[in-house]
Amino acid sequence: MGNADSLVFVLWSTFFNAMVIWLVKDTKPVFFRFILLLFMFYFMQSNLVNLAKLVGHPLQITIPTQISLSIFLAWFTSLLNQNKQVSAQSSSQRTYLEVVTELLQGDRAAAIRLFNYNKEKFGGKTDEWLWQKVIRDIERDRRY
Numbered sequence: 087m088g089n090a091d092s093l094v095f096v097l098w099s100t101f102f103n104a105m106v107i108w109l110v111k112d113t114k115p116v117f118f119r120f121i122l123l124l125f126m127f128y129f130m131q132s133n134l135v136n137l138a139k140l141v142g143h144p145l146q147i148t149i150p151t152q153i154s155l156s157i158f159l160a161w162f163t164s165l166l167n168q169n170k171q172v173s174a175q176s177s178s179q180r181t182y183l184e185v186v187t188e189l190l191q192g193d194r195a196a197a198i199r200l201f202n203y204n205k206e207k208f209g210g211k212t213d214e215w216l217w218q219k220v221i222r223d224i225e226r227d228r229r230y
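If you want it as structure tokens, here you go:
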């Protein structure tokens, strides 16, 4: 492979690795994540070898290097999943706060007070459950 071919391969496999990371973060079954990561490790190893050829230095990929890369990628994908869950949770809480505020004709302070009251009363419940309880209570009280 010439320098131009090596450069094209390095760029293409870098793009492929980015796509695999994007797919892995949304893939539910662990088996499919494992298969996708195996493909990525293969291309990453080829990518490093071709990059070394391009630069002109010999490069050997050792087992510890592959293990450290796999640990890093596992950590990175778990970090992506945690950020996704936190973001989804905070956006749903904002939505609940907005709904309760609307039910209370814009009284945001009252919405937060009701949420905090229920949080003290039902300490072990999730925030989502507490917001839904506030909404049910307001709707129940309006029917009478």
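Numbering follows my numbering, with no gaps: position 123 of the sequence shown is 209. C-beta: ideal position from N, C-alpha, C; glycine also. No experiment lies behind these values; they were computed from the predicted model shown.
The C-alpha of Lys207 is placed about 23 Å away from the C-alpha of Glu188. When the alpha-carbon of Lys205 is set against those of Glu225, Gln218, Asp227, the nearest one is in Gln218. Taking C-beta separations shorter than 8 Å and ignoring five residues to either side along the sequence, the partners of Glu225 in its chain run Leu189, following chain order. Rounded to the nearest angstrom, the gap between the Cα atoms of Ile221 and Ile157 is 44 Å. As the crow flies, the alpha-carbon of Ile198 is around 8 Å from that of Leu183. One Cα belongs to Asp223, the other to Phe162, and the distance between them is close to 42 Å. About 7 Å separates the Cβ atoms of Leu200 and Val186, confirming a contact at the 8 Å cut-off. Separation of Asn202 and Lys211 (C-alpha to C-alpha, rounded to the nearest whole angstrom) is 12 Å.
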